[in-house]
Structure formats: C-alpha cells, structure tokens
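First the structure, in the form of structure tokens, and then the observations on it.
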Amino acid sequence: MNEQRITVQDNYVVTEKTIALVPAAHIDYQTVAFERNSIIYVKQRPLQIIEKACLQGGATYAGRRQAAIHATSLKKKVPIAINTHKNIYAFPTQSPSQFDCSWIFYSHILSFTPIPKIPNKCTLTFKNTKQLTLAVSPKVIEKQMHRTAFIILLFSQHLIDFAKAENDIRQQG
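Heads up: the sequence shown at position 31 corresponds to 92 in the numbering used here, and the numbers run straight through without jumps.
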C-alpha cells in the first residue's frame with residue numbers, strides 16, 4: 062500500500078501567494094487552498110478564511126462587501142477587496158452561502174478557457190501556469206473578472222485620493 066499522507070491545517074492565512082480557495086467535501090478538511098507553489102488543505106470553510114483575511118486587512122467581510130455594494134450597486138456574487146494595501150482582491154464563483162462557492166484571487170489569473178461541449182465548466186490558467194477546472198460557466202468568470210477589475214479601479218483611486226488628502230494636511234500643519 063502506497064498511501065500518500067497529506068497535512069491538514071486548522072487555519073489558513075490569505076497572502077499575496079493565494080491563488081484560489083476551493084471547497085472540499087472531505088472528512089478531514091473543508092478547503093483546498095491553492096498557492097503559487099503549493100497546495101494546502103484546511104479545516105476551515107472558504108468563507109471563514111475570507112472573513113478572517115478581511116479582518117487581517119483592516120475591516121470585516123460585511124464591511125468590505127457593503128463598501129463594494131455601495132461603490133458598484135452590485136448585490137450578488139460581490140467581489141471583495143480583502144486587503145487593498147497588498148492588492149489582494151477575490152471574487153466568488155457563486156453565492157458565498159453555497160457550498161460549491163470557490164474564491165478566485167484576481168491578480169493571479171492569466172486566462173480562462175471554456176470546456177468544449179460542457180457549457181457550465183471552464184479551466185482557469187494562472188500566471189504560474191497551474192490550471193484549475195471549475196463547474197462555472199466562462200461567462201460567469203468573465204463577468205466576475207470585470208466586476209473585480211472595476212472594484213480595483215475604484216478602490217485604487219480612493220487610496221490615491223486619500224494619500225493626496227493626507228499629504229495636503231501634513232503640508233498645512
């Protein structure tokens with residue numbers, strides 16, 4: 062018997078290396094965290110990991126979600142600015158309350174390709190050349206990428222405006 066053992070972590074910390082968080086129906090872990098150079102199995106659910114990452118980035122998940130809704134009027138499958146200072150943005154592949162919801166980290170995506178003759182599946186190719194096939198239509202991925210890019214643009218401009226205002230205050234004082 063050549064059984065390969067995997068290491069399972071209780072918690073996972075999202076970093077700039079995080080590529081995707083994919084749910085898993087496994088007795089020992091609930092998420093497979095894909096990083097640039099590794100795969101990590103985690104006991105937490107993907108949404109729990111996202112919520113904790115938002116807190117580490119300076120706000121609650123609910124606050125980040127509400128800010129994105131306010132800026133864009135989106136209501137469903139809202140992309141999240143997890144940590145704007147580290148340029149960590151992720152989008153859900155479906156409603157975050159659904160078990161099958163994966164979280165994809167925008168800055169790592171190179172391309173996505175439809176699976177021929179299977180309309181509700183596509184393969185994501187990441188900048189490190191790794192691929193991930195998900196049960197999500199290419200149209201959903203494209204839409205989520207556009208939404209995330211828009212949020213990045215809005216929040217990046219907000220950070221620039223904030224830095225300019227902070228600099229003006231320093232010069233006046």
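We put the beta carbon where it would ideally sit given N, CA and C, even for glycine.
query	result
Proximity of F166 and A142 at Cβ, strictly below 8 Å	no
Boundaries (first-last residue) of the alpha helix (DSSP H) holding L116	107–117
The segment 75–95 / the segment 147–162 touching (three or more Cβ pairs under 8 Å)	yes
4 or more residues per run - each alpha helix (DSSP H) lying fully within the segment 100–184	107–117, 122–133
Sub-8 Å separation of C183 and T174 beta-carbons	yes
Same chain only: Cβ atoms within 7 Å of T121, ignoring 5 sequence neighbours per side	C115
Residue span of the beta strand (DSSP E) that contains I80, given as start and end	79–84
Distance, F187 Cα to H169 Cα	5 Å
Bridge partners - Q70, DSSP secondary structure assignment	V103
Length of the line joining the Cα atoms of P180 and L193	16 Å
Reference K45, options F95, P199, L185, closest by Cα	Only positions 62 to 234 of the chain appear in this structure, which leaves residue 45 out of reach.
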